[in-house]
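Here's the structure we're looking at; comments come further down.
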Amino acid sequence: MKNSINIRPVIRHDKQRKDGLYPLNLSIRVGGATNRVSTGKYIQASDWDSKSGCLKNNTKANQFINQILAAQMKSWWEKMYTLKTYRSTLNVLKKFAPKASFGDLTYAFIQKFDVYMSQKRGNSLNGRWGRHKCLRAVIREAIKKELIKESNYPYRHFEVKSTVSKREPLTVAEIQEIKTLLIPEKNGFLNRVRDIFLLSVYTGLRYSDIMRLSFEHVDAELNLIVIEMQKTKKVVTIPVLPDAKLILERYTKHKIKTVGLTIMPQMTNQVLNRELKILISKTNITKNVTFHIARYAFASSLVQADINPFIMMELMGHARITQTQTYIKPAKTNLVKSMEKLADTYSKAVNHGKQKIENHQATLLHI
1 MKNSINIRPV IRHDKQRKDG LYPLNLSIRV GGATNRVSTG KYIQASDWDS KSGCLKNNTK
61 ANQFINQILA AQMKSWWEKM YTLKTYRSTL NVLKKFAPKA SFGDLTYAFI QKFDVYMSQK
121 RGNSLNGRWG RHKCLRAVIR EAIKKELIKE SNYPYRHFEV KSTVSKREPL TVAEIQEIKT
181 LLIPEKNGFL NRVRDIFLLS VYTGLRYSDI MRLSFEHVDA ELNLIVIEMQ KTKKVVTIPV
241 LPDAKLILER YTKHKIKTVG LTIMPQMTNQ VLNRELKILI SKTNITKNVT FHIARYAFAS
301 SLVQADINPF IMMELMGHAR ITQTQTYIKP AKTNLVKSME KLADTYSKAV NHGKQKIENH
361 QATLLHI
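Residue numbers for the sequence shown follow UniProt numbering, so the first one is 1 and each next one is one higher.
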């Protein structure tokens, strides 16, 4: 059984200072064990709601607590996701070589491990690349701690490159079907999954940026999201579409605007993808939809709207146009329309040429 975690602020009435202020602590309960941690913050008795046993909403102290919790939750989620990835790689490695030690991590070992993942486990190139990425990071750390000699680094001549997966983006009609799908109010979790997914569809933000999106990133007056992307460290400015605005308002209207306080519900990428499959199964969509498809859907919508590729590059936070091109796959209808425009251009040029000839001939007749 997993231990539940509960965190709440508590006022220490037994520790009043001479200036009349009381220390504010955090009560942290994990399972059946409870511990109190000092926040270093002192408050007035009037800031505390004795009936509900919590801070009053409109106080600076409550904003301070929200900042602490937002920063801590962000850190927990990031660490949890990273740890899960490394544990998964370790489990695969244990199945391949249960008694392996650092001394066994040679070039030949890495080659055999790659073959094992490919042939025995049926892992894709991208799947294997992810495992190698984790193992490579661990080996580099071991070299820093002098557990492995630099000269024995096994990845010096071994490389697995990730490939661009063939993904079929969602159409505007399919996005609309997800948006209008009737989900019972009691199934609030699935509704939240849909909101997170659609916000990514409407903004092009990756999972990591959706999870860390907070009040300071959103300019409600100008209808803009301005955020430094976690993956590329590039600052992007994204105009907020009406549908995206409705989603953001749903999760901000009952929160105090606090720097660092995340807006969207927090959940791991694994849980999000699992629930997303359940959501899609309730629609008529037959495509393999993962959370990253939302970013492809955003790009596909921009293509359908004839947005300039260089503007797309800025909206998606890419450093090079070649990165954007991996997302640009024009639909057949777009290709047909483009050729029709070209044919129309040629037709106008021919007609213009004929008109010039006719005008010239008419001029000659009058000479």
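C-beta: ideal position from N, C-alpha, C; glycine also.
For the pair of segments examined, the segment 257-267 was found not to touch the segment 279-297: the number of CB pairs separated by less than 8 Å stays below three.
Taking the C-beta atoms as reference points, alanine 297 is found nearer than 8 Å to leucine 170. Listed in chain order, the non-local C-beta contacts of arginine 192 below 6 Å within the same chain comprise Pro265, local neighbours out to five positions each way being set aside. Relative to the Cα of glutamine 230, the nearest Cα in the group Glu216, Thr203, His157, Arg212 belongs to Arg212.
When DSSP states are grouped into helix, strand and coil, asparagine 25 belongs to the strand group. For asparagine 35, the enclosing beta strand (DSSP E) begins and ends at 33-43.
DSSP, read as helix, strand or coil, puts arginine 121 in coil. Every beta strand (DSSP E) of 3 residues or more that sits fully in the segment 163-247 is shown, in chain order, as 224-228, 235-239. Between the segment 128-139 and the segment 80-91, the count of C-beta pairs closer than 8 Å reaches three or more; the two stretches touch.
Within its own chain, the residues whose Cβ lies closer than 6 Å to the Cβ of valine 160, once the five positions on either side in sequence are excluded, are Arg128, Trp129, His132, listed in chain order. At a Cβ-Cβ threshold of 8 Å, alanine 299 and tyrosine 327 count as neighbours.
Per DSSP, the unbroken alpha helix (DSSP H) holding proline 309 starts and ends at 309-315. With contacts defined as CB atoms closer than 8 Å, isoleucine 227 and aspartate 209 qualify as a contacting pair. In the DSSP assignment, the residues bridged to isoleucine 11 are Leu24. Membership of leucine 279 in the alpha helix (DSSP H) is indicated by the continuous run 269-281. A straight-line Cα-Cα distance of about 30 Å links phenylalanine 215 and glutamate 174.
Check the Cα spacing between asparagine 35 and each of Arg8, Leu198, Met316, Gln325: the tightest is with Arg8. Between alanine 319 and lysine 245, the gap from beta carbon to beta carbon reaches 8 Å or more. Assigned with DSSP and collapsed to three states, aspartate 49 falls in strand.
If you look at glutamine 325, you'll find it in the alpha helix (DSSP H) that goes 321-325.
Checking the DSSP bridge columns, you'll see threonine 262 partnered with Ser214.
In its chain, beyond the 5 residues on either side, Ala142, Leu147, Ile148 have a beta carbon closer than 7 Å to the beta carbon of phenylalanine 102. Judged by DSSP in its simplified three-state form, isoleucine 285 adopts coil rather than helix or strand.
Within 10 angstroms of the beta-carbon of isoleucine 278 lie fewer than 16 other beta-carbons, which makes it exposed. Cβ neighbours of tyrosine 202 within its own chain (closer than 6 Å, five residues either side excluded): Leu241, Asp243, Ala244.
Serine 46 is classed as exposed because its beta carbon has fewer than 16 other beta carbons within 10 Å across all chains shown. In the DSSP assignment, lysine 112 falls within the unbroken alpha helix (DSSP H) covering 107-115. In the three-state scheme derived from DSSP, where H, G and I count as helix and E and B as strand, isoleucine 328 is classed as coil.
Inter-residue distance for threonine 322 and methionine 313 is about 9 Å (C-alpha atoms, whole angstroms). Isoleucine 110 and asparagine 152 have their C-alpha atoms some 12 Å from each other. DSSP places glutamine 304 in the helix class (H, G or I) of the three-state scheme. Close CB contacts of tyrosine 22 within its chain, under the 7 Å cut and outside five residues either way in sequence, are with Ile11, Arg12, His13, Lys15, Gln16, Tyr42, Ile43, Ala45 (chain order).
Short of 7 Å from the beta carbon of lysine 253, and not among the five residues preceding or following it, lies no beta carbon of its own chain.
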